[in-house]
Structures are given as structure tokens and as C-alpha cells.
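Heads up, the thing below is written out as C-alpha cells.
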Amino acid sequence: MPNRTTEHLDFGRLGRRYLQANFEGGDLSSDGGLMLLRQIDARTGLSRLAAKALTERRAAGRIRHRLRDVLAQRLYGLCCGYEDLNDHDALRADLLMQTAVGRDQPLASSPTLCRLETGATRADAWALHQVLVEHFISSFAAPPKELILDVDASDVPLHGEQELKQFHGYYDHHCYLPLYVFCGQSMLACLLRPSRIDGARHAAAVLRLLVNRLRQAWPDVRIIIRGDSGFCRQRLIRWCERAGVQYIIGLARNTRLQARVQPAEAMLKRDHERTGCKQRLVSEFSYAAGSWDRPRRVVTRLEYGSQGINPRFIVTNIVGSDAGTLYDGLYCARGEAENRIKEAQLDLFGARASCHRFAANQFRLLLAALAYTLMQRLREVALRGTELERASAATIRVRLLKIGAAIVRNTRRVRILLASHHPLRHVFAHAARAMGP
Numbered sequence: 044m045p046n047r048t049t050e051h052l053d054f055g056r057l058g059r060r061y062l063q064a065n066f067e068g069g070d071l072s073s074d075g076g077l078m079l080l081r082q083i084d085a086r087t088g089l090s091r092l093a094a095k096a097l098t099e100r101r102a103a104g105r106i107r108h109r110l111r112d113v114l115a116q117r118l119y120g121l122c123c124g125y126e127d128l129n130d131h132d133a134l135r136a137d138l139l140m141q142t143a144v145g146r147d148q149p150l151a152s153s154p155t156l157c158r159l160e161t162g163a164t165r166a167d168a169w170a171l172h173q174v175l176v177e178h179f180i181s182s183f184a185a186p187p188k189e190l191i192l193d194v195d196a197s198d199v200p201l202h203g204e205q206e207l208k209q210f211h212g213y214y215d216h217h218c219y220l221p222l223y224v225f226c227g228q229s230m231l232a233c234l235l236r237p238s239r240i241d242g243a244r245h246a247a248a249v250l251r252l253l254v255n256r257l258r259q260a261w262p263d264v265r266i267i268i269r270g271d272s273g274f275c276r277q278r279l280i281r282w283c284e285r286a287g288v289q290y291i292i293g294l295a296r297n298t299r300l301q302a303r304v305q306p307a308e309a310m311l312k313r314d315h316e317r318t319g320c321k322q323r324l325v326s327e328f329s330y331a332a333g334s335w336d337r338p339r340r341v342v343t344r345l346e347y348g349s350q351g352i353n354p355r356f357i358v359t360n361i362v363g364s365d366a367g368t369l370y371d372g373l374y375c376a377r378g379e380a381e382n383r384i385k386e387a388q389l390d391l392f393g394a395r396a397s398c399h400r401f402a403a404n405q406f407r408l409l410l411a412a413l414a415y416t417l418m419q420r421l422r423e424v425a426l427r428g429t430e431l432e433r434a435s436a437a438t439i440r441v442r443l444l445k446i447g448a449a450i451v452r453n454t455r456r457v458r459i460l461l462a463s464h465h466p467l468r469h470v471f472a473h474a475a476r477a478m479g480p
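Position 228, counted from 1, in the sequence shown is what this note's numbering calls 271; the numbers after and before it change by one each time, with no gaps.
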């Protein structure tokens with residue numbers, strides 16, 4: 044019986060020829076776009092800043108992989124779709140991954156990466172949050188005139204025995220409830236929290252820290268806080284008013300608000316019955332809940348169609364804009380932050396909280412946030428003006444990063460031979476030129 048050391052995969056025949064495959068292609072990589080990640084990381088210094096912010100706890104004489112290299116390896120892996128640490132037992136020998144990280148030797152193993160995550164502390168989480176904010180500030184060439192901070196919460200499902208695991212009635216499963224803050228497409232905070240809390244818990248404190256730092260960098264910037272009705276809390280609203288921060292926040296429906304708009308709803312109902320067309324009205328009035336210290340401006344959007352009435356309310360301290368502009372032009376854009384959360388959680392694996400320790404899961408969430416930031420900066424800097432300038436991280440990964448490549452490495456150079464017939468080679472070339480050598 045022959046000694047078969049190589050597994051051959053048979054795929055039938057093509058005419059007279061047999062179709063066979065094996066994994067003996069040699070020094071090939073499926074992630075030719077790693078070079079783009081290397082370039083954007085070098086340009087922004089993200090992995091270097093993250094490594095500098097963390098505390099090195101390993102014994103100096105036993106360190107084989109620099110903290111920056113370990114972080115870069117993990118972030119590049121997330122960007123390329125490798126969410127499991129076990130994947131790096133093979134990836135550590137990938138010549139292109141080694142080149143992207145900046146080494147010509149095997150990279151960190153999965154146990155090394157695991158120790159990095161499981162040994163994380165609250166101080167590490169604080170430090171990486173500072174990296175996110177400082178990286179955002181440094182991305183501006185000139186001081187911005189206005190910043191809109193979107194605050195929102197989401198769930199991270201849990202399936203093990205993680206610390207602080209709790210059941211959430213709305214989501215109907217055990218989960219964490221992270222708090223996110225975005226400015227446009229940039230993530231500024233992702234605070235992991237237990238789920239059995241008010242969804243607005245810690246929001247005022249996090250936003251206060253962010254606003255103070257942003258005003259240190261840009262004293263004259265106009266800041267607007269935007270969120271849904273889950274964040275309509277007096278502590279947050281009163282702080283905004285004291286700090287000179289503008290806000291536009293959803294307001295939950297109640298009987299008093301319903302009574303206030305009942306005449307307008309009756310008018311819309313009559314018009315709908317007369318015309319058969321959906322009716323819509325945006326207006327405003329002054330309102331004070333029982334727990335409020337004074338009346339505030341409330342904008343309402345009323346709709347009446349075949350399914351009946353559908354009212355929405357927001358409270359704001361913004362002046363100088365009409366109700367329609369505030370609701371349609373400003374508040375409704377809040378939904379974009381939800382898309383960014385989905386991108387971070389699904390495309391960059393920010394919902395994988397399989398560590399036992401709560402602090403380790405917070406660290407994992409922040410690694411996903413850093414990978415999201417890397418992809419967002421790639422989109423912003425290198426893909427502007429291309430067909431991928433508005434693409435999600437998953438689309439960029441599939442269409443630009445997953446490119447077959449052969450690697451030829453010697454003492455003088457490293458040659459990366461990308462697939463000749465890649466359909467977006469022109470976009471790849473544009474991105475590479477946009478970031479420079």
C-alpha cells in the first residue's frame with residue numbers, strides 16, 4: 044500500500060482531465076490585502092498607540108513577541124475574518140501575515156494571544172478607550188466646527204458561565220449590554236456592562252468625559268448629543284444644559300403627550316379617510332414631565348395611514364431650527380449609529396464574549412473596536428472616490444482583503460505576487476497609492 048503523505052482532493056473530471064487539489068501550493072496566502080492593513084496601521088499608528096497604552100506584565104527575559112506585534116497580529120486577523128485564536132496556530136506561519144506585522148519569523152501562538160486577553164484589567168480598558176479618543180482627535184487636520192455624538196446600547200449574547208452574566212427580558216436571553224458612542228463613523232467608546240441595568244446607566248459619565256476631552260482639543264467646537272428614548276434621563280439632560288452641550292433625544296410616549304397631540308391626530312385621520320393617502324405632520328410644543336424642573340422644547344412627528352396612528356416625540360434644547368429640520372434632518376440620522384454597531388459586532392466580531400472574566404470580555408470588545416477603527420480609517424483614507432468608499436467592513440474584506448498572493452522572500456526584498464485576474468485590482472492599486480510607501 045503506498046505511503047500517502049499528501050491528501051489529494053478529487054473534483055471529478057473536465058473532459059479527459061482529472062480535477063485534483065491539495066494543500067502543497069507553498070508560500071501562498073489568501074489575504075493579499077494585509078499589505079493595505081499594514082499601510083493604514085503604519086500611517087495612523089493605531090497598534091503602536093495601543094501597545095504603548097497597555098502595561099507590559101510579562102517577564103522581560105522571556106518575551107519573544109513584542110506587545111505591538113501581538114496586537115497587530117490580532118487586529119489584522121480580525122479584519123481578515125479570523126475571529127478565533129486557534130486560527131493563529133496556522134496564521135503565525137503565513138509569510139504575508141509575518142510581513143504585515145513586521146517580522147520574518149513565526150508570530151505569536153494562540154496561547155500567547157489568549158494570555159494577552161485573559162490577563163486584561165480595567166486599567167487596560169481605560170487605556171484603550173483613551174487610544175480610541177486620541178486617535179479620533181488626531182484624524183482631523185483642522186478643528187471641526189460641530190460634532191454629533193450618537194449614544195446607543197446593544198446586546199452581546201452569552202452562552203457560557205461568564206462573570207456578571209444576567210438575563211435580559213427585552214432581548215430574551217442572557218447577555219451583556221455594552222454602551223457605544225460614535226461620532227459619525229468613528230467609535231469613541233464601547234463600555235461593556237451587565238444587562239440587568241437601566242440602558243442609560245453610565246451614559247452621562249461617559250459623555251461628560253468625552254466632551255471634556257474634545258473641548259480640551261477644540262475649545263470652540265459645537266457638540267450635540269443624540270440618542271433614542273432610552274437615554275431620556277434627567278441626569279443626562281440637566282448636565283447637557285449646565286455644560287452648554289446641545290441634545291436631541293427621543294421621548295417615550297405617555298398619556299399626557301398623547302392627549303396633547305390628539306386634536307392633530309384626529310385631523311390627520313379625517314384627511315386620510317378623505318384622500319386615502321398617508322398623512323404626516325411634524326410640529327412642536329412646550330412640555331414638562333412631572334420629574335422635570337422646567338418645560339422643554341418637544342418636537343412631534345405624527346403619521347396616520349392604513350395601520351393607524353404612529354406618533355414619535357423628541358426633546359431638544361437646540362434653537363434656530365424648525366421642527367421638520369430637527370426631526371428629519373438631524374434626529375433620523377441617528378439610525379446610522381445602529382448600522383455602525385452592527386458592523387463592529389458582526390463584521391469585526393465584537394459580540395464574541397467567550398472569556399470567563401468580565402474584564403477579558405471588555406478587552407475583546409475593545410480589540411474589535413480597534414479593528415473596526417482600522418477598517419474605518421482604511422475606508423476613509425484609501426477608498427475615498429472608489430466603489431468601496433461606502434462599503435461595510437465585511438464587503439471590504441471579501442472584495443479587497445481576500446486576494447490570493449504568492450510570497451517570494453529573500454535577503455534583499457519581499458515580493459508579493461497578487462492574483463492577476465482579481466476584479467478590483469484597480470481599487471487595490473488606488474488604495475495603495477493613496478496611503479503612500
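Heads up, the beta-carbon is just placed ideally off N, CA and C, and yes, glycines get one too.
Residues of its chain near residue i, where Cβ-Cβ distance is below 8 Å and the 5 sequence neighbours each way are ignored
i: residue 238; result: 198, 209, 210, 211, 214, 217, 218, 219 and 220
i: residue 132; result: 152 and 153
i: residue 458; result: 450, 451 and 452
Span separating the alpha-carbon of residue i from that of residue j
i: residue 275; j: residue 227; result: 21 Å
i: residue 476; j: residue 77; result: 15 Å
i: residue 92; j: residue 354; result: 46 Å
i: residue 125; j: residue 258; result: 38 Å
i: residue 346; j: residue 432; result: 35 Å
i: residue 330; j: residue 467; result: 55 Å
i: residue 298; j: residue 83; result: 53 Å
i: residue 150; j: residue 369; result: 52 Å
i: residue 323; j: residue 380; result: 25 Å
i: residue 375; j: residue 358; result: 13 Å
i: residue 405; j: residue 479; result: 34 Å
i: residue 88; j: residue 363; result: 41 Å
i: residue 121; j: residue 157; result: 14 Å
i: residue 47; j: residue 456; result: Low confidence applies to residue 47: its pLDDT is 49, below 50, so where it sits in the model is not reliable enough to give any reading.
i: residue 44; j: residue 452; result: Because the pLDDT of residue 44 is 38, which lies under 50, any placement of that residue in the model is unreliable, and the number read from its coordinates should be weighed accordingly. If you take the alpha carbons of residue 44 and residue 452, they lie about 38 Å apart.
i: residue 162; j: residue 155; result: 11 Å
i: residue 426; j: residue 435; result: 12 Å
i: residue 251; j: residue 236; result: 18 Å
i: residue 445; j: residue 474; result: 15 Å
i: residue 193; j: residue 116; result: 30 Å
i: residue 130; j: residue 315; result: 59 Å
i: residue 169; j: residue 176; result: 11 Å
i: residue 85; j: residue 143; result: 10 Å
Reduced DSSP category for residue i - H, G, I as helix; E, B as strand; rest coil
i: residue 125; result: coil
i: residue 200; result: strand
i: residue 398; result: coil
i: residue 153; result: helix
i: residue 209; result: strand
i: residue 237; result: strand
i: residue 450; result: strand
i: residue 52; result: strand
i: residue 464; result: coil
i: residue 101; result: coil
i: residue 257; result: helix
i: residue 242; result: coil
i: residue 145; result: coil
Cutoff 7 Å; reference residue i; Cβ partners in own chain excluding five residues on either side
i: residue 146; result: 112
i: residue 249; result: 222, 224, 232 and 234
i: residue 328; result: 303 and 341
i: residue 311; result: 322, 324, 345 and 347
i: residue 159; result: 113
i: residue 400; result: 161 and 206
First through last residue of the alpha helix (DSSP H) which encompasses residue i
i: residue 283; result: 277-286
i: residue 326; result: Unbroken run through residue 326 is the beta strand (DSSP E), 322-330; no alpha helix (DSSP H).
i: residue 359; result: First-last for residue 359: 355-359, but that is the beta strand (DSSP E), not the alpha helix (DSSP H).
i: residue 439; result: 436-439
i: residue 132; result: 131-134
i: residue 83; result: 77-87
i: residue 299; result: 298-303
i: residue 429; result: No alpha helix (DSSP H) contains residue 429, which DSSP labels as neither H nor E.
Cutoff 6 Å; reference residue i; Cβ partners in own chain excluding five residues on either side
i: residue 271; result: 293
i: residue 384; result: 197 and 223
i: residue 64; result: 52
i: residue 394; result: 199 and 388
Paired residues, beta bridge with residue i - DSSP
i: residue 250; result: Note: residue 250 sits in no beta bridge, so no partner.
i: residue 218; result: 200 and 209
i: residue 113; result: According to DSSP, residue 113 bridges with nothing at all.
i: residue 346; result: 323
i: residue 226; result: 192 and 229
i: residue 106; result: Paired residues: none, contrary to the question.
Extent of the continuous beta strand (DSSP E) run through residue i
i: residue 229; result: 229-234
i: residue 378; result: Here residue 378 belongs to no beta strand (DSSP E); instead the alpha helix (DSSP H) covers 378-385.
i: residue 180; result: First-last for residue 180: 165-181, but that is the alpha helix (DSSP H), not the beta strand (DSSP E).
i: residue 62; result: 60-64
i: residue 289; result: 289-293
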